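Comments concern the structure below.
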Amino acid sequence: MVKAIVGANWGDEGKGKLTDVFAAESDIVIRFQGGANAGHTIINNYGKFALHQLPSGVFHSHITNIIGNGVALNINSLMTELQSVIDRGVPTPKLMISERTQIVMPYHVLFDEYEEERLGKAAFGSTKSGIAPFYSDKYSKIGFQVCELFDEQSLREKLIRVLEVKNKIIKTIYGKEEISVDDMMSVMLKYRDMVAPYTANTFDFLQKAIKENKTILLEGQLGSLRDPDFGIYPMVTSSSTLASYGAIGAGIPAREITEVVAVTKAYSSCVGAGAFTSEIFGDEAEQLRKRGGDGGEYGATTGRPRRMGYFDCVATRYGCAAQGATDVALTCLDVLGYMDEINVCVAYETEDGVTTSFPVTPLLEKAKPVIETLPGWKCDIRGITDFELLPENAKNYVRFIEEKIGFPITIVSNGPGRDEIIYRNYGK
Ligand code: GDP
């Protein structure tokens, strides 16, 4: 069976922990989209890790970890990440890279930087990992698949063709130094040697695994609201963040994805620009930021302070629907234990009146939150593993959110550790 763990919001929902928990029972863990531009935080027996490209199954030696064809593969950073995990005592993970996965080229990273520099104040706040230029080239059909590294002559011929155009842009639009074919070729050959031991026909491997009833976990990056189609366009990422894209980005039949766990935090946070209706500011935001997650709400990849907000029922209901959630995991419930009262955004006030339907970007940008206030529980709930043993106000908070979003919260996470988890009719 295939299960997907995906984000219901803007990313950073705590997917890393959930994936780590579910990975233990899986045979295969697959990354199917995105690249080195975001990160998961995982805390386990080996320590605390920020994973960017490696699938979260790398801590379990029985798991095959796959970089799917939908990923933007940065070979240098993947290899550095792999080595750093091994250096910290994790047994060498089983890793496969699809031969169809495309490569983030050094010039994709440069184009990302140059374009943000050119845009100045209007910049997207890109992490400058080359993701947008990468996907542009993929769909313009001038990207490089991993398999192309193994045919030197065709590789050189294609590089000559592609660099001719890239260099014109570099020179005329950005006024920067041109890239030589020989330099790029030698980088490519290094890349080839680095990925050779891991490159495989993952399509056939997965078809067989499905026939053999293996348990497969699809690991999403970011969340619904960063999806290029359904998110807060244009402040989105360049590949689909939805579970259904897992079928394409991993290469498995769509009908096999029977469980979709949409992860959402008990409050909201958002990195980077874009409409964020339930955002809070000043001391109120700082208090939550400091206490949030494990050691504060700061980006796993960038270290940027995250924008903070009240739990947003409108965005989450929509985010869960876009994911096709069968289950919702509500994380970081423990973080709210300091609050006397907890505000929740239950609707939006828009030009067209009050709504619980998530609006398109131009309307969203003018939307104001409609707030309801619930009593807090004022105590530490870490260590509790039975939902019934939570303080009444904590239970009510979960039930309230569940009712507003209309999807079952079957998992509650009340601490960053693997065992700090409460199942609530999960799998029933
Ligand atoms: P991801 O990208 O969705 O995996 O999210 P991140 O890893 O960037 O952010 C989640 C943060 O919250 C990490 O620091 C986790 O260790 C932490 N975390 C996950 N679940 C919980 C929880 O239930 N309680 C607390 N306090 N922290 C959590």
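Reading the sequence shown from the start, the letters are residues 2 to 429 in this note's numbering. Every residue gets a Cβ at the ideal spot worked out from N, C-alpha and C, and that includes glycine. Bear in mind the structure is a predicted one, so any value in this text is a computation, not a measurement.
Alpha-carbon spacing of residue i relative to residue j, whole angstroms
{"i": "D205", "j": "E220", "result": "20 angstroms"}
{"i": "V22", "j": "Y424", "result": "12 angstroms"}
{"i": "G36", "j": "A395", "result": "36 angstroms"}
{"i": "A323", "j": "S225", "result": "7 angstroms"}
{"i": "T1", "j": "F151", "result": "What the structure shows of the chain is the stretch from 2 to 429, and residue 1 is not part of that stretch, so it cannot be assessed."}
{"i": "V163", "j": "K49", "result": "41 angstroms"}
{"i": "E342", "j": "I170", "result": "55 angstroms"}
{"i": "R305", "j": "E213", "result": "43 angstroms"}
{"i": "A9", "j": "L390", "result": "27 angstroms"}
{"i": "E373", "j": "G354", "result": "17 angstroms"}
{"i": "L334", "j": "L223", "result": "20 angstroms"}
{"i": "I412", "j": "G17", "result": "14 angstroms"}
{"i": "H1", "j": "Y175", "result": "The shown model of the chain, from 2 to 429, leaves out residue 1, and the question about it has no answer."}
{"i": "C271", "j": "E153", "result": "43 angstroms"}
{"i": "Y108", "j": "Y47", "result": "35 angstroms"}
{"i": "E285", "j": "T332", "result": "20 angstroms"}
{"i": "S155", "j": "E149", "result": "8 angstroms"}
{"i": "I422", "j": "Y398", "result": "17 angstroms"}
{"i": "N77", "j": "Q84", "result": "11 angstroms"}
{"i": "E118", "j": "G338", "result": "42 angstroms"}
Which of helix, strand or coil DSSP assigns to residue i
{"i": "T55", "result": "Just to set this straight, residue 55 is Leu in the shown sequence, not Thr. Coil at L55, not helix or strand."}
{"i": "R419", "result": "coil"}
{"i": "N344", "result": "strand"}
{"i": "Y234", "result": "coil"}
{"i": "C148", "result": "helix"}
{"i": "P254", "result": "coil"}
{"i": "I170", "result": "helix"}
{"i": "N394", "result": "helix"}
{"i": "D113", "result": "helix"}
{"i": "R32", "result": "strand"}
{"i": "V399", "result": "helix"}
{"i": "L96", "result": "strand"}
{"i": "A124", "result": "coil"}
{"i": "L373", "result": "In the sequence as displayed, the identity of residue 373 is Glu instead of Leu. Strand, per DSSP."}
{"i": "A330", "result": "strand"}
{"i": "G354", "result": "strand"}
{"i": "K49", "result": "strand"}
{"i": "K266", "result": "strand"}
{"i": "E366", "result": "coil"}
{"i": "K405", "result": "helix"}
{"i": "K129", "result": "coil"}
{"i": "I281", "result": "strand"}
{"i": "E178", "result": "coil"}
{"i": "K4", "result": "strand"}
{"i": "S155", "result": "helix"}
{"i": "I143", "result": "coil"}
{"i": "V413", "result": "strand"}
Sequence-distant residues of its chain with Cβ nearer than 7 angstroms to residue i (five each side left out)
{"i": "D295", "result": "T42, I44 and P417"}
{"i": "A368", "result": "T278, Y349, E350, T351 and P360"}
{"i": "E257", "result": "V3 and I211"}
{"i": "T356", "result": "A348 and Y349"}
{"i": "N168", "result": "E179 and I180"}
{"i": "Y299", "result": "R305, P306 and R307"}
{"i": "K215", "result": "D28 and I29"}
{"i": "V315", "result": "C346, A348, Y349, T357 and F359"}
{"i": "K172", "result": "E179"}
Residue environment, residue i, which counts as buried when at least 16 other CB atoms sit within 10 Å
{"i": "K405", "result": "buried"}
{"i": "E14", "result": "buried"}
{"i": "G69", "result": "buried"}
{"i": "N426", "result": "exposed"}
{"i": "K122", "result": "exposed"}
{"i": "A255", "result": "exposed"}
{"i": "D387", "result": "exposed"}
{"i": "R318", "result": "buried"}
{"i": "D230", "result": "exposed"}
{"i": "R400", "result": "exposed"}
{"i": "C380", "result": "exposed"}
{"i": "G297", "result": "exposed"}
{"i": "D113", "result": "buried"}
Residues near residue i by beta carbon distance below 6 angstroms, same chain, minus five either side
{"i": "T200", "result": "I98, E100 and V147"}
{"i": "V336", "result": "R292 and G293"}
{"i": "G144", "result": "Q103 and D138"}
{"i": "D313", "result": "S269, S279 and C346"}
{"i": "A326", "result": "V261, A263 and F408"}
{"i": "M236", "result": "A274 and G275"}
{"i": "T238", "result": "L223 and R227"}
Cut-off 8 angstroms between Cβ atoms - residues of its own chain near residue i, not counting five sequence neighbours on either side
{"i": "L160", "result": "V182, M185, M186 and M189"}
{"i": "K209", "result": "none"}
Interface flag, residue i vs chain B, CB-CB below 7 angstroms
{"i": "D194", "result": "Any reference to chain B falls outside this structure, which holds one protein chain only."}
Original post:
Which ranges does the alpha helix (DSSP H) cover as unbroken runs of at least 4 residues, wholly within the region 283-326, from first to last along the chain?
Top reply: 283-292 and 314-324
Would you list, in sequence order, the uninterrupted alpha helix (DSSP H) runs of no fewer than 4 residues that lie entirely inside the region 57-89? 76-88
Discussion item. Which runs of the beta strand (DSSP E) at least 3 residues long sit entirely within the region 187-226? Give them in chain order.
Written reply: 217-224
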